[in-house]
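One structure is given here, and the rest of the page talks about it.
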Amino acid sequence: MLKATIKDKELVTEILHEAFVDITIPNSINFVVKQDEKRNQRLRFLMEYLFLTTLEFGNVFISDNKKSCALIAYPHLQKTTVKNIFWKLQLVFKTIGLSNVLKVLKREKQLKKYHIKTPHIHPVIMGVTKEHQGKGTGVRLIKEVFNFYKDNKLPCILETTTKNNIKMYEKFGFYIFEKSTNLKYPLYFLRKDF
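Following this note's numbering, the numbering of the sequence shown begins with 872 at its first residue and continues without gaps.
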C-alpha cells in the first residue's frame, strides 16, 4: 500500500472516476453531482475535490498495483482555509450546480446529524478500477488500511447506501448504528472501534 502525495492527484481521480462513472442508481455521489450532459466532467471534478480535501486533512492510500484507492479523513482536524473555500466554490460551479446547492446542504446536515461529535476517522470514499472489481483488490486495500490504523484509539465512522457494502464492512467488524431515509436513497451509518 502506498500513501499518496499531491503527485498522485490524477491517478486517484481516475481510479475514483472509473469506479463510479457507470453507477447511476440513487446514491450519495449521484445526489451531489448535477445530472446533466456534463455529468462525466462534474463527476471527475468531484473526485479531484475529494482527493484534495482528504489529502489536506487525512490520508489517501493507493494499492500497490495502483488499481484501487481509499480516502480517509479526520473531521476533527478540518478547518476553514482560503484554499478549501476556493475548492468548495469550484465544487458548487463544477459539480453541484447552483440550483442544487440547497439540496446538497440538506444532505450535509443529515450526515453531520448522525456522525459522532468526538474525534473519529472517516473513510470518505473508496474505488477500484473496473477491470479489478470483484478480484479482491479493494478488500486487500481495506485490510492494509485497517492494519495501518490498528493502534489507533479513534473510532471509524462511515456511511454507505449499498447493502453489499454493509455485508463487506460487517466482516471487518463494523456495525450499523443508524439508518436514514430522509434523502432519496437509504443511508446506513456504520462504526468500528479499533
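Where a beta carbon is used, it is the ideal one built from N, C-alpha and C, also for glycine.
About 10 angstroms separates the Cβ atoms of residue 899 and residue 981, ruling out a contact at the 8 angstroms cut-off. A Cβ-Cβ contact shorter than 8 angstroms links residue 998 with residue 940. For residue 882 and residue 937, the gap between their C-alpha atoms comes out near 8 angstroms. For the pair residue 908 and residue 890, the Cα-to-Cα distance works out to about 19 angstroms. Residue state for residue 1063 is assigned as strand, using DSSP reduced to three classes. Of all C-beta pairs linking the region 953-962 to the region 1000-1017, fewer than three are shorter than 8 angstroms, placing the two stretches out of contact. Counting only residues of its own chain and dropping the five nearest sequence neighbours on each side, residue 904 has a CB closer than 8 angstroms to the CB of 910, 913, 914, 917, 966 and 967.
Under the three-state reduction of DSSP, residue 1046 is assigned to strand.
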